[in-house]
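Residue numbers (my numbering), protein chains in the order written: chain A, 10 to 363; chain B, 10 to 363.
Right, here's the structure in full:
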């Protein structure tokens, strides 16, 4: 049983799985069935999965997070569970963000909490969602309406496993990587600026910084009561609304939300014009990404649609105010409450909305 | 949003509701509809409930704790919720144990936790379940399979409200009262021994001791990781099995489990014969209760049935061992791992089982 005495998970970052750190005989593995189809010269997820005698496969993806189907899913899962379910048992969750959300929630409410180990299989989960204890399910189409804080005791970040995922999943992690490089205390975006390697190599290179920067924030404010943890939300407020509307991948949406937040910071005079241009140049040249509204295929949503999605944000207060994360310079984010109507006006000014 | 920094709820013990401690305009009240039918000269639950503009009624009882129906129930509840659901909101839960379990779980998983206030309406909930943050739902007939630790920020213990409940509910609290008097650090069972008032008056008189003794234990071991909190389980291991089998009220089951634990402690030589007899005399004379197996109507369950129920106990480990709470003397419980088979043998010896 995980106590909440610390949100600091033990993070094991390795090229390959260490032999001695997982009790495969006794742990229960919850894994994404999609992983069975992956295979590289270096690593076979299938073989790894089959090394656990007690294992339960589910299909990863947003539909796994439906709370309506949750009790049925959970009963099916418990039927395959080695009996009896005890609080001393460990649930190992192997998969991307949706598996982590689902498995983390399951671990948190089963017998008031069983021990949890996260093994993220996507770069995005490895750098972000597997750390910090947040999990979430969706209720009636509202994302992340249900959830708990429940940190993993251990998180395994294994390069061989991450490299076995399709390249596009790696590219979907750029948004969170850039975000953390901009707001994290190690300020590693400055290193990205001078980095000579191709962008695909950045991710493993800076993963450790992402993770350390994230723990540095969440340990100061584990339950998001002190507003400190909210700096991690840079790019997320507007990004989430775009994500819900367009059903874009999370990482891509965060990157677009980051463009929005950077431009708003520049426009308000918080971020200098020079640094703003430098940051956008790096993102465009090294990551080949630009604000989506500049692209031909972008179809502007209505203000009304986006406002409704913003109002459903769990961080929105009763008066339609939300703490928005602006950037002063690299490593110096700050929070300021903004009205949803002002956010919409700004998004119109930036050409995101009709 | 309740952080877990402390499991010590602010406990407000009064004869009547204080005027200034509840923000009825802004809190959301979740209440047991059965309370609408109660009324005494001193207090009208109906009037109190109607003072909350935002209120949601549900029928208390074990069926409320069905996890299968939970998402449907929750969606219905959220439809009546003042929009939008925000983490800064407070859910006030008014009712007995099942309401507290249900409402506490709802508060804990909604938006990763909204502020929770408990107003127990039964003596049993007021002395026990409203404190300490445990909540639970039932999955596929297994009691309390699902749940979280989520302490209330405030607990209101109001005599007028508690007295408005039927007398039999008060009598159902005797089991927990006796248990806490025997294991709690204030050792108030010694005071019960010399108490001259009728048993019905004991409950309010000793309620404060029950609550203080409970916090003294749980604050040392909030998440039950250190085995300290398990002393509160005195009478519960065997009591829960009887409760599941006979569907007796919880308090009565705990009292029967207490008889079992006392006799086992005596038989092992932990508890002196003299003190054992004294305790049983007090329970029989002041509370008019005796071990159920001595009564004509008692129908012995089979060992197999009870063993199966014991194996489903979430505190049972993989090897069929459980920490059992024995008593050395008043205020001195101790834990010892026992095998489920030894427990069954002892229950047979005591004439509880076929």
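Don't be surprised by glycine CBs; every beta carbon is placed ideally from N, CA and C.
Counted as a single uninterrupted DSSP element, the beta strand (DSSP E) harbouring residue 67/B occupies residues 64-67. In terms of Cβ geometry, residue 18/A and residue 161/A form a close pair [threshold 8 angstroms]. With a 10 Å radius around the Cβ and a threshold of 16 neighbouring Cβ atoms, residue 184/B comes out buried. Sorting 323/A, 178/A, 45/A by C-alpha distance to the C-alpha of residue 242/A places 323/A at the top. DSSP places residue 118/A in no beta strand (DSSP E) but in the uninterrupted alpha helix (DSSP H) bounded by 106-118.
Against chain B, the beta carbon of residue 149/A has neighbours under 7 angstroms at 84, listed in chain order.
Along the length of the segment 142-214 of chain A, whole alpha helix (DSSP H) runs at least 4 residues long occupy 168-172, 176-180, 183-192, 198-203, reported in chain order.
Judged by DSSP secondary structure, residue 20/A falls outside any alpha helix (DSSP H) and instead within the beta strand (DSSP E) spanning 19-23. Annotation: residue 348/B has no Cβ neighbours in chain A at a cutoff of 8 angstroms; minimum Cβ distance is about 14 angstroms. Within chain A, 117, 118, 121, 122, 157 have C-beta atoms less than 8 angstroms from the C-beta of residue 157/B, given in sequence order. Scanning its chain for C-beta atoms nearer than 8 angstroms, with the 5 sequence neighbours on each side dropped, one finds around residue 338/A the residues 280, 281, 284, in chain order.
Residues of the segment 324-347 of chain A that bring their beta carbon within less than 7 angstroms of a beta carbon in chain B comprise 325, 326, 327, in sequence order. Secondary-structure assignment with DSSP links residue 345/B through a beta bridge to 333/B. Looking at 80/A, 83/A, 70/A, 78/A, the one whose alpha-carbon comes closest to that of residue 131/A is 70/A. Using a Cβ-Cβ cut-off of 7 angstroms, residue 77/B is close to 80 of chain A, given in chain order. Counting along the chain, residue 127/B sits inside the beta strand (DSSP E) bounded by residues 124-129. Against chain A, the beta carbon of residue 96/B has neighbours under 7 angstroms at 323, listed in chain order.
Counting the other Cβ atoms within 10 Å of the Cβ of residue 105/B gives 16 or more, which makes it buried. Remark: three or more beta-carbon pairs, one from each stretch, lie closer than 8 angstroms, so the segment 308-324 of chain B and the segment 93-100 of chain A are flagged as touching. Taking a cut-off of 8 angstroms for Cβ pairs, the segment 109-119 of chain B and the segment 68-83 of chain B touch, as three or more such pairs fall below it. The Cβ-Cβ distance between residue 168/A and residue 24/A falls below 8 angstroms. Exposed is the label assigned to residue 203/A, since fewer than 16 other Cβ atoms lie within 10 Å of its Cβ. Counting only Cβ-Cβ distances below 9 angstroms, residue 143/A has contacts in chain B at 121, in chain order. For residue 287/B, there are no neighbours in chain A by C-beta distance under 7 angstroms, as the nearest C-beta there is about 36 angstroms away. Scanning its chain for C-beta atoms nearer than 6 angstroms, with the 5 sequence neighbours on each side dropped, one finds around residue 165/A the residues 21, 128, in chain order. Contact between the segment 252-265 of chain A and the segment 218-229 of chain A is absent, with fewer than three C-beta pairs closer than 8 angstroms.
Residues of the same chain with a CB within less than 7 angstroms of the CB of residue 119/B, apart from the 5 flanking positions on each side, are 94 in chain order.
198/A is the residue among 198/A, 35/A, 101/A whose C-alpha sits nearest the C-alpha of residue 287/A. Residue 291/B and residue 157/B have their C-alpha atoms some 37 angstroms from each other.
Note on geometry: alpha-carbon atoms of residue 214/B and residue 220/B lie some 12 angstroms from one another. If you look at residue 33/B, you'll find it isn't in any alpha helix (DSSP H); DSSP assigns it neither H nor E. Residue 207/B counts as exposed, since fewer than 16 other beta carbons sit within 10 angstroms of its beta carbon. Beyond the five residues adjoining it in sequence on each side, residue 360/A comes within less than 7 angstroms, by CB distance, of 302 in the same chain, given in chain order.
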